[in-house]
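Quick note on numbering: the sequence shown equals residues -20 to -1, 1 to 428 in mature numbering (1 follows the signal peptide of the UniProt record, and there is no 0).
See below for the structure under consideration.
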Amino acid sequence: MSMILFTCALEPLLRMLTLSLCNNRQMVTVLPVYAYADDVIILCKETTDPTRIQEVLQVFGNASNSVINFTESTFMALTPRGQTISSRFTNVNKMKILGILFTPNIMDVIETNWKDIVNKIRYGIKRHLSRNLNVIKKVWHINTFILSKIWYLAQVLPIPIHTAQQIEKVVGFYLWKGFVFRIARLQCRLSTKEGGLQLINVKTKCDALFIKEIIRTDHNIDTLVRISNYVASVQASSMTRSLTKLTTDANKFLEAIDIAPEQITTKLIYSYFQDQVRCLPSVQCKFPNKNWKKIWSYFKIPHIPSSWKWETYALINGIIMTEERKYMYHIVPTPQCNKCGTIDTISHRLTRCSDLTRGIWLCVKQQLNNVHKATNPNINLRIVFDLDVPQTPHYFSILWLAMGFIYYMLKNKTKTLPDFIKELRRVYLQTDVHVREKLQTLDFLTEQ
Ligand SMILES: [Zn+2]
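Next up, the structure:
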């Protein structure tokens, strides 16, 4: 309906307005009339423009027998000179255009719109706090649903540093609620193959979107320089420093890449900025001799539940809350296991705590031995605690079993062998048929 309305009623009027307003201008770089469905925005540059608009409306009204509702149409002056203009439109000092609130003060526009977004994100996250998602799923949720609210605004307005910090704080709270030990934020932002969780860096992504939008329209960053100078002329603030830095960074980016402006993507700008602050996961710095490339690649393998991957990732990164670790950080008075009284390390918890634990571990060892047929007695410990998986065609079943075992042992309070087998069989039966074929080497899954 609104498309027909637009074509029949609005389009001739829009053409008349554009013609009238462009008439005596030498060069038109910005079109004066914008329409989104039946929402029309007109940018006036000359003090005579509002009168011209009224004349056009009069002529159009006479010809088409339509009447404009002046009380529903508003006028906002952006400069002191503009405030002296009198027109039949309702004067306002704020106006929402395509979802963004505009006022005559640029700093106001930036602050108000971003504040609104932060509140929306807070509300969005609050609604999901009680959901029991693992951290990998939470990152998907944040990247896809929570942060998507800000990408539109980021293309139009630069994000203030304090806003980005507020968003990171809210996101961090959601991600690590209930955790004592966490993965560092810088590591979380790395890609999976680098040992990260692919969490989006809010400030960098917003900057990349803003720069991309400027390059898209200008093919250079002149507008960014102009915005930066303009904001600096209005008032010296953290925004001024932030924009100056953004201009320098954008310049460096353009110098560093050898690519036509129209081929520049947000992704390209984002990865360039991310590369400037790249770090190694702390566990990788601690144990530099392990084959990390191989270890991290296992977290990208499909058909393993994300909950299993998450517990394994937490184990590899050393953030599991054992009594020994809690004792090291003075959280508990003793490093001893609550159940058996020996020192509670991660290997104790997974393989030695009780007869039931030992029984499950024995079953896992036998299954692993059947698959890899290696004779080294430590191989199974290395598989589970270091993800040092032997190179065999059946490495998938080894990995699947190791991760399933880690998840079961860390997440379940009462652990028994029949329950362990039942749980892994349940997951096995839910996977695709072609994956199940790969897992046939683990005979306890199919035995009756
Ligand atoms: Zn114990």
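We put the beta carbon where it would ideally sit given N, CA and C, even for glycine.
Where residue i sits in the DSSP three-state scheme
i	result
L170	coil
V413	helix
K157	coil
T224	helix
F50	coil
F237	A quick correction: the sequence has Ile, not Phe, at residue 237. Here I237 sits in coil by DSSP.
F55	strand
I65	coil
I323	strand
S217	coil
G152	helix
V369	coil
L264	Sequence inspection shows Gln at residue 264; the Leu mentioned does not correspond to that position. Helix, per DSSP.
G176	coil
I340	helix
P398	helix
N181	coil
N269	coil
C259	coil
residue 429	What is shown of the chain runs -20 to 428, which leaves residue 429 out entirely.
L425	helix
H199	coil
A164	coil
I141	helix
I281	coil
I300	coil
E26	coil
N112	coil
Endpoints, beta strand (DSSP E) assigned at residue i
i	result
I22	19 to 22
A15	13 to 16
Element boundaries [alpha helix (DSSP H), containing residue i]
i	result
A382	375 to 391
C333	Note, C333: premise wrong, no alpha helix (DSSP H); not H, not E.
E304	303 to 308
M(-5)	-10 to 2
V312	Premise fails: V312 is in no alpha helix (DSSP H) and is neither H nor E.
Q38	29 to 44
H121	115 to 121
T(-14)	Run containing T(-14): none; DSSP gives neither H nor E here.
E291	286 to 296
V214	202 to 214
N360	359 to 366
Q256	246 to 256
A354	Run containing A354: none; DSSP gives neither H nor E here.
C317	Note, C317: premise wrong, no alpha helix (DSSP H); not H, not E.
L133	128 to 136
K274	272 to 277
For ligand 1, residues whose Cβ lies under 5 Å from any non-hydrogen atom: C317, K319, C320, C333
Pick out the complete alpha helix (DSSP H) segments inside the stretch 67 to 110, 4 residues or longer, and give them in chain order. 86 to 106
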